[in-house]
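Participant: Numbering (this note's numbering), first residue to last: 16 to 320.
For glycine and all other residues, C-beta sits at the position ideal for the given N, C-alpha and C.
Before I ask anything, here is the structure I am working with.
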Amino acid sequence: MSSQQHPILVTGATGQQGGATARRLLADGVSVRALVRDPHAREALELAASGAELVTGDFDVPDSLIPAVTGARGVFVVPPAAFGPDGWDIDIEARRGVHVIEAAARAGVDHIVFTGVASMPGKDQWGSEGKRRIEAAAVASGLRYTLLRPVRFMENYLAQGLPVDGIDNGVHRHIFRADHPVQMIALADIAEFAAIAFADPDRFHSETLELAGDAFTPVAAAEAISKATGYPVGYHELTEAQADRIADAVAEAWRRSRASGGWHADIPALRELHPGLQTLETWLAAGGSAKLTALFDQQQADARP
């Protein structure tokens, strides 16, 4: 069996980035092994029906990862974030990622692609210290590695029940300046870059890609969503005091985004690698608008007496 016939192990396969990557690789005819905790979960069964091999394992039980990585030629690493009584637990998150990388190194995996979070100049924020530790483990592993750093997802507009992001009854609340462009990316495009890296590990070994597909001011993005859905959407910029009341990490991100100028992905260079890189408008046209309209319809129905 040639190395190209060995599967790529996708961790977090029932989550957003892992699921998108597994589907992209399968569509390209790549053999996929999906790491899941519950093989009977709906998302896991859908992956299996699409052709993925399911393997059970637990990020918190390192020995359970050995069968998953054995025989794989590549591993897509996206460990689940951990939240405790004091918020984001970066130590647990970091350990989970390191466990996968150590297991991959023991098994002689050829290539690791880790997806973390985009950087801003200055001190880390948004819990990203845990992701930086995982990046360091990938670099020190002796394996070929590629680091992806995506910015905010376009799909975050669909989020519900969060103190920031999502759209609740016509209002998008976030920490970002209303008049400053904020980079964003579609989940499917993160998967595209992962697939590009796996297809050419020599070229992308030791590369770090800051990923974004578009940049809109939050006000302009709300206007684009309003036009696409027919529902009026406005933007509410949180004050520093409001961010402080939500969580320390949110407050730090509020301050860092203003002090640093925000994310800095080179979108034209990324489009050279991936010409189909989605803009906000193309994401809306490709299904984002329909999902948002359905969400707004439901919100309107729920608000009726």
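(1) Using three-state DSSP, classify I190 as helix, strand or coil.
(2) Going along the chain, which residues of its own chain have a beta-carbon closer than 6 Å to the beta-carbon of L162, five neighbours each way excluded?
(3) Where A268 and G123 are concerned, what is the direct C-alpha to C-alpha distance, given to the nearest angstrom?
(4) In terms of alpha-carbon separation, which member of Y160, I182, F74, K146 lies closest to T308?
(5) For T26, count neighbouring C-beta atoms within 10 Å of its own C-beta (all shown protein chains included) and say buried if the count is 16 or more, exposed if not.
(6) Could you tell me how far apart the beta carbons of H187 and H251 are, in whole angstroms, since I believe they sit closer than 8 Å?
(7) With a Cβ-Cβ cutoff of 8 Å, do L253 and V179 count as a contact?
(8) Does the pairing of the region 212–219 with the region 288–296 give three or more beta-carbon distances under 8 Å?
(9) Helix, strand or coil, according to DSSP, for G72 in the structure here?
(10) Excluding the five sequence neighbours on either side, which residues of its own chain have a C-beta within less than 7 Å of the C-beta of R192, listed in chain order?
(11) In angstroms, rounded to a whole number, what distance separates the CA positions of A264 and G157?
(12) Can a CB atom of chain B be found closer than 8 Å to the CB of R88?
(13) What three-state label does DSSP hand G249 in the structure shown?
(14) From the DSSP output, in three-state form, read off A133 for me.
(15) Cα separation between V51 and E225?
(16) Check this for me: beta carbons of Y160 and S241, under 8 Å apart or not?
(17) Report the start-end ranges of each beta strand (DSSP E) in the region 208–262 that is 3 residues or longer and not cut off at the edges.
(18) By DSSP, does H126 sit in helix, in strand, or in coil?
(19) Please report how far the alpha carbon of I282 lies from the alpha carbon of G33, in whole angstroms.
(20) Our contact map puts A49 next to E61 with C-beta atoms below 8 Å; I'd like the distance itself, whole angstroms only.
(21) Please report how far the alpha carbon of P22 lies from the alpha carbon of A174, in whole angstroms.
(22) Pick from A56, A28, Q20, R57: whose alpha carbon is nearest that of V45?
(23) Below 8 Å on the Cβ atoms is my contact criterion, and I expect L80 with G72 to pass it. Report the Cβ-Cβ distance as a whole number of Å.
(24) Just how far apart, CA to CA, sit P320 and D204?
(25) Determine the direct distance from the alpha carbon of N171 to that of L285, and round the result to whole angstroms.
(26) In or out: L24 buried (at least 16 other Cβ within 10 Å) or exposed?
Facilitator: The short version:
(1) Counting from 1 along the sequence shown, the entry for residue 190 is found at position 175. Coil, per DSSP.
(2) Position 147 of the sequence shown, counted from the start, is the residue given in the question as residue 162. F129, E150, T223, listed in sequence order.
(3) The count along the sequence shown starts at 1 and reaches residue 268 at position 253. The count along the sequence shown starts at 1 and reaches residue 123 at position 108. If you take the alpha carbons of A268 and G123, they lie about 38 Å apart.
(4) Within the sequence shown, the letter at position 293 stands for residue 308. Measuring from the Cα of T308, the nearest candidate turns out to be I182.
(5) Taking the first residue of the sequence shown as 1, we reach residue 26 at position 11. Buried, by the Cβ-count rule.
(6) Position 172 of the sequence shown, counted from the first residue, corresponds to residue 187. Position 236 of the sequence shown, counted from the first residue, corresponds to residue 251. Right, their Cβ atoms sit about 7 Å apart.
(7) Working through the sequence shown from its first residue, we reach residue 253 at position 238. Working through the sequence shown from its first residue, we reach residue 179 at position 164. Closer than 8 Å, so yes.
(8) no
(9) Indexing the sequence shown from 1 puts residue 72 at position 57. DSSP places G72 in coil when its eight states are reduced to three.
(10) For the purposes of this step, residue 192 is identified with residue 177 of the sequence shown, where counting begins at 1. These residues qualify, in order along the chain: E252, R273.
(11) As a first step, residue 264 must be located in the sequence shown, where it is residue number 249. As a first step, residue 157 must be located in the sequence shown, where it is residue number 142. C-alpha separation (whole angstroms): 33 Å.
(12) Although the question refers to chain B, the structure presented lacks it and comprises just one protein chain.
(13) Position 234 of the sequence shown holds residue 249. Residue state, collapsed to three classes: strand.
(14) In the sequence shown, residue 133 corresponds to position 118, counting from 1. It is coil, neither helix nor strand.
(15) Translated into the one-based positions of the sequence shown, residue 51 becomes position 36. Translated into the one-based positions of the sequence shown, residue 225 becomes position 210. Straight-line Cα distance between these residues: approximately 27 Å.
(16) The sequence position of residue 160 within the sequence shown is 145, counting from 1. The sequence position of residue 241 within the sequence shown is 226, counting from 1. Result no, Cβ atoms of Y160 and S241 do not sit closer than 8 Å.
(17) 222–226, 229–231, 249–252
(18) Counting from one through the sequence shown, the residue named residue 126 turns up at place 111. H126: strand per DSSP, three-state reduction.
(19) As a position in the sequence shown, residue 282 is number 267, starting the count at 1. As a position in the sequence shown, residue 33 is number 18, starting the count at 1. Straight-line Cα distance between these residues: approximately 22 Å.
(20) Residue 49 sits at position 34 when you count from the first residue of the sequence shown. Residue 61 sits at position 46 when you count from the first residue of the sequence shown. Their Cβ separation, rounded to whole angstroms, is 10 Å, which puts A49 and E61 out of contact at 8 Å.
(21) Numbered from 1 along the sequence shown, position 7 holds the residue referred to as residue 22. Numbered from 1 along the sequence shown, position 159 holds the residue referred to as residue 174. Computed Cα separation, rounded: 32 Å.
(22) Locating residue 45 in the sequence shown gives position 30, where the first residue counts as 1. Here the closest residue by C-alpha is Q20.
(23) One-based indexing of the sequence shown puts residue 80 at position 65. One-based indexing of the sequence shown puts residue 72 at position 57. Between G72 and L80 the Cβ distance is about 5 Å, and since that is below 8 Å, they are a contact.
(24) By 1-based counting over the sequence shown, the position of residue 320 is 305. By 1-based counting over the sequence shown, the position of residue 204 is 189. Taking the straight line from one Cα to the other gives about 41 Å.
(25) Taking the sequence shown and counting its residues from 1, the one referred to as residue 285 is at position 270. Taking the sequence shown and counting its residues from 1, the one referred to as residue 171 is at position 156. Roughly 21 Å separates the two Cα atoms.
(26) By one-based count along the sequence shown, residue 24 stands at place 9. Result: buried.
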